[in-house]
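Single-structure report; data block below.
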Amino acid sequence: MKILVINCGSSSLKFQLINSEDESVEAKGLCERIGIDGSFTFKPSNGDSYTKEVDMPTHSEAMSTLISALTDPDNGVISDMSEISAVGHRIVHGGEDFTESVIIDDNVIAKIEECVPLAPLHNPANIVGIKSCLEYMPDTPNVAVFDTAFHHTMPESAYLYAIPYKYYRNYKIRRYGFHGTSHSFVSKRVAEIMNKPYEELKTIVCHLGNGASICAVKDGESIDTSMGLTPLAGIAMGTRSGDIDPGILEVIAKKENINVCEVTNILNKESGVYGLSGISSDFRDITKAISEGSEAAMTAIDVYVTQIVRFIGAYVAILGGVDDIVFTAGIGENTPLVRQKVCDRLKYLGIELNYDHNNVRGEEMMISTENSPIKVFVIPTNEELAIARETVALIS
Ligand code: ADP
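Its first residue numbered 12, the sequence shown is counted upward by one per residue in my numbering.
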């Protein structure tokens, strides 16, 4: 079966066409700057990759562009869109309604719309992606895979905030957590690598990308995670602050004479490693600056590492011990310096890093020694493949 995986952002649309038989990627690509000037990148497995400027005023034109590319007689990978058995959509927020992936119908779209207040930047774009697919492929089943679903197993004590209970009752304000597809994918994979039953492991997953979250997985279920009602919570990220004292909002608002939305915008876009260093949100720039002696970059990475160590310590307590720790996503997979700094501070747990193995980038590897009582791994995440697998399971 050929499965089209769609990940729609507010001005972007990422896609992969995955053959479910051998799980190969037949083509992938990206529509960027939708509604601005439009840029389209296409990478077929058996042809030449290209990037070109395409006017894409809305996601509908982006959809039409990707369909033309996939079915292009010269450089495409299929002759007709009917070859696609189903479309799997990454949906950021499923609220409390969606505890697992579902086949999309009008009722599901309405419920995803109800979750818009919980993810005002992401869910509207996800809905546009679904509607574009329904427009161009009305007879093809669509499946929604939610970033929040894996965390539905968190106990009430982990998901409730200590604020008046009526806010949970009336507005569903609680911890939801994100990156669930990734946390689920790599925590299952580590069980396979360790050759242990998934249902018997205590795993801490550090998903460190532009957005970053840490998850405590016990017996195959998420029992706590660092992101909250929104993806702003948890550890410091590229441009996001992560957890801060909530009192800071009022202090900054008063000092700068701005409103709470403007402060939140600063916490989302001008904070984190970028805000601390004043250099970049990208760890390639940060590690380069460190090698050139930048104290600001060093401070930023020290704060970042400390916050990861703090969450790992907390989750060892929540889990009642830990069998393995996994690093994944852009930074987790590609930045040995961060992994080394984190693991060096976890020596008290007995963790022993294999410094040679830790030099790995973007490849599956056990980076602790064989003797380390807690095993540490780098496992590349693959959210698209996880979405394709979920989609196949639902339509079969
Ligand atoms: P997201 O999916 O949240 O946008 P990614 O998982 O793609 O993020 O991670 C992006 C981040 O990963 C970049 O900002 C960069 O800091 C880091 N990264 C990616 N590749 C490398 C690399 N080769 N070396 C160091 N850092 C990298």
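Note that CB positions come from ideal geometry on N, CA and C, so glycine has one too.
The C-beta separation of Cys-226 from Ile-319 comes to about 12 Å, leaving the pair out of contact by the 8 Å criterion. Only buried fits Arg-251, as 16 or more other CB atoms lie within 10 angstroms of its CB. As for any beta strand (DSSP E) of minimum length 3 sitting wholly inside the region 314–342, the runs are 335–339, ordered along the chain.
In this chain, Val-103 is not harboured by any alpha helix (DSSP H), its DSSP state being neither H nor E. Rounded to the nearest angstrom, the Cβ distance from Cys-19 to Ala-136 is 5 Å, consistent with a contact under 8 Å. Distance check between Phe-388 and each of Asn-382, Glu-394, Glu-395 and Ile-378 places Ile-378 closest, using alpha-carbon atoms only. Using a cutoff of 6 Å, the CB of Ala-325 does not count as near the ligand ADP, since none of the ligand's heavy atoms is closer than that. Counting along the chain, the unbroken alpha helix (DSSP H) around Ala-121 starts and ends at 117–125. Under the DSSP assignment, Lys-265 falls in the alpha helix (DSSP H) whose first and last residues are 258–267. Residue Tyr-187 holds the alpha-carbon nearest to the alpha-carbon of Phe-161 among Tyr-187, Pro-149 and Asp-150.
Put simply, the backbone Cα of Ile-398 is about 27 Å away from that of Ile-184. Of the candidates Met-165, Leu-129 and Gly-46, Leu-129 places its Cα closest to the Cα of Pro-242. Sixteen is the threshold: when 16 or more other Cβ atoms of the shown chains lie within 10 Å of the Cβ of Ala-340, as they do, the residue is buried. Spatial neighbours of Val-274 in its own chain (CB-CB distance under 7 Å, excluding positions within 5 residues in sequence) are listed in chain order as Leu-260, Ile-263 and Ala-264. Taken through DSSP and simplified to helix, strand or coil, Asp-355 comes out as helix.
Distance from the CA of Phe-189 to the CA of Ala-223, rounded to the nearest whole angstrom, comes to 9 Å. Your pair Val-403 and Ile-114 does not check out as a contact, with CB atoms roughly 12 Å apart and the cut at 8 Å. By the neighbour-count criterion, in which a residue is buried when 16 or more other Cβ atoms sit within 10 angstroms of its Cβ, Thr-69 is exposed. Taking the CA atoms as reference points, Ile-342 sits about 5 Å from Gly-220.
Separation of Pro-391 and Phe-338 (C-alpha to C-alpha, rounded to the nearest whole angstrom) is 8 Å. Here Met-12 is not near Met-92, since their CB atoms are 7 Å or more apart.
Residues Ser-22, Pro-68 and Thr-69 of the same chain have their beta carbon placed closer than 7 Å to that of Gly-46, with the five preceding and five following residues left out of the count. Between Gly-361 and Phe-294, the alpha-carbon positions lie close to 28 Å from each other. In this structure Gly-304 is exposed. Its beta-carbon is surrounded by fewer than 16 other beta-carbon atoms within 10 angstroms. Distance from Leu-24 to Gly-105 at the Cβ level is roughly 20 Å; contact not present, criterion being Cβ atoms closer than 8 Å. Restricting attention to beta strand (DSSP E) runs no shorter than 3 residues, the region 145–192 encloses them at 153–157, ordered along the chain. Inclusion of Val-316 and Val-371 in the CB contact set at 7 Å is not warranted, their separation being larger than that value.
A check of alpha carbon separations from Arg-400 across Lys-142, Ser-31 and Asn-57 identifies Ser-31 as the nearest. For Gly-40, the beta-bridge partners assigned by DSSP are Phe-26 and Phe-53. Leu-77 carries a helical assignment under DSSP once its states are collapsed to helix, strand and coil. Taking every protein chain shown into account, the CB of Ile-234 has 16 or more other CB atoms within 10 angstroms, so this residue is buried. In the DSSP secondary-structure assignment, Lys-213 is bridged to Lys-229. Inter-residue distance for Ser-71 and Val-16 is about 16 Å (C-alpha atoms, whole angstroms).
Shortest gap from the CB of Asp-108 to any heavy atom of the ligand ADP: 6 Å or more.
Taking a contact as a CB-CB distance under 8 Å, the pair Glu-64 and Ser-79 does not count as one, their CB atoms being some 15 Å apart. Beta-carbon to beta-carbon, Tyr-182 and Leu-171 are separated by about 13 Å, too far to satisfy the 8 Å threshold.
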